[in-house]
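Visitor:
Number of protein chains: 2
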Amino acid sequence: MIYSSELIKGTLKTIVLKLLADNKKMYGYEITQRVKELTLDKIQITEGALYPTLHALEADGLVTTESEFIGKRVRKYYTLSPSGKNKTKEKVSELADFMETMKFLLDIKTKTA
Amino acid sequence: MIYSSELIKGTLKTIVLKLLADNKKMYGYEITQRVKELTLDKIQITEGALYPTLHALEADGLVTTESEFIGKRVRKYYTLSPSGKNKTKEKVSELADFMETMKFLLDIKTKTA
DNA sequence: AAAGATACATAAGAATCTAATGTATCTGAC
DNA sequence: GTCAGATACATTAGATTCTTATGTATCTTT
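Going line by line, the protein sequences match chains H and S. The opening residue of the first sequence carries number 1 in our numbering; numbering runs sequentially from there. The opening residue of the second sequence carries number 1001 in our numbering; numbering runs sequentially from there.
1. Look up Ser1081/S in the DSSP assignment and say whether it is helix, strand or coil.
2. Cα separation between Glu1058/S and Glu90/H?
3. Does the beta-carbon distance from Ile1031/S to Ile1008/S come in below 9 Å?
4. DSSP state of Thr1088/S, grouped into three classes?
5. Check the Cβ of Gly1010/S against every Cβ in chain H and list those closer than 9 Å, keeping chain order.
6. Skipping 5 residues on each side, what residues in its chain have a beta carbon closer than 7 Å to that of Thr1064/S?
7. First and last residue of the alpha helix (DSSP H) that includes Thr1053/S?
8. Figure out for me which residue from Lys87/H, Thr101/H, Val74/H, Phe98/H has the closest Cα to the Cα of Tyr29/H.
9. Under three-state DSSP, which class holds Ser67/H?
10. Compare the Cα-Cα distances from Met1011/S to each of Tyr1027/S, Lys1024/S, Thr1053/S and report the closest residue.
11. What are the partner residues of Met1026/S, as DSSP defines its beta bridges?
12. Please list the partners that Ile1043/S has in chain H, where partner means a Cβ-to-Cβ separation under 9 Å.
13. Within a Cβ cutoff of 6 Å, which residues of the same chain sit near Tyr27/H, ignoring the five residues on either side of it in sequence?
14. Grab me the residues of Leu1019/S's own chain with a C-beta within less than 8 Å of its C-beta, minus the 5 sequence neighbours each way, in chain order.
15. Cα separation between Leu50/H and Lys13/H?
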């Protein structure tokens, strides 16, 4: 089972930031594979979604990049900047809080007539 | 604190379906207020988001409507159809599953270098 | 009488994703 | 040695879904 795509909306940036916080330095393709692996294929980040997100993080100064050649192929590593680390904490705790709220919303049964 | 808007994306439809499942019959404005109340103001559904969503649910045959006059004012009640009830179960369990996955993603620390 | 709440609705624009497409290299199997 | 599939970057048209603004109208409370 793969989650319907609309669920990813809004959480992708946070997922990416969190992975970078935990792994110090990652490249795009690696991120897609790591997420796939960690979520047992349930979340599949497409490249069309990931690269624009990474570029946006860079434009916002939340990550810095360095390119490395693996043979003849370029690999672009992303690393959190100091402001990126702060942003990550904010986003992660906001999402955690949101999930608690959603859990509550999905559990309740009010006036089950 | 109000959640940043992108978090709502993709969950609104599920929230609405779940509320209808629990309350049998609700009208638009009531839904916005109920969500606000249940989430301690952390989720504020705007009318610009809610009404198009309700209309879409109706167009998909997931809800039926009946209008009622309160004085001179119309109030439009929404009720889940049988297929809406099934859809609600699907969406709620998918979202619950997704939140478990996200919780896991946000908790782990791999290779914290 | 006026302000604020109730109650519906639409529409332009922004944000963010999907799906498709493109380029190029590397690796393993046959 | 060649071909498929994986690795690795990227962009773009289009779809979806929200925000913000606007509109209309009634009801309630001061």
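All C-beta atoms, glycine included, are put in the ideal place defined by N, C-alpha and C.
Guide: Based on what the coordinates show:
1. Correct three-state label for Ser1081/S: coil.
2. Between Glu1058/S and Glu90/H, the C-alpha separation is close to 37 Å.
3. Not in contact: Ile1031/S and Ile1008/S (Cβ atoms no closer than 9 Å).
4. Thr1088/S: helix per DSSP, three-state reduction.
5. Neighbours of Gly1010/S on chain H, chain order: Ser4, Ser5, Glu6, Leu7, Ile8, Lys9, Gly10, Thr11.
6. Thr1079, Ser1081, listed in sequence order.
7. It spans 1047-1059 - the alpha helix (DSSP H) in which Thr1053/S sits, taken as one unbroken run.
8. Comparing Cα-Cα distances from Tyr29/H to each of Lys87/H, Thr101/H, Val74/H, Phe98/H, the minimum goes to Val74/H.
9. In the structure shown, Ser67/H sits in a strand (DSSP, three-state: E or B).
10. The sequence given here places Thr at residue 1011/S; Met does not occur at that position. Of the candidates Tyr1027/S, Lys1024/S, Thr1053/S, the one whose C-alpha sits nearest the C-alpha of Thr1011/S is Thr1053/S.
11. DSSP links Met1026/S through a beta bridge to Tyr1078/S.
12. Taking a Cβ-Cβ cut-off of 9 Å, the neighbours of Ile1043/S in chain H comprise Phe98, Thr101, Met102, Leu105, given in sequence order.
13. For Tyr27/H, the CB contacts under 6 Å within the same chain, skipping 5 residues up- and downstream, are Arg75, Lys76, Tyr77 in chain order.
14. The residues are Met1026, Ile1031, Arg1034, Val1035.
15. Going by the C-alpha atoms only, they are around 9 Å apart.
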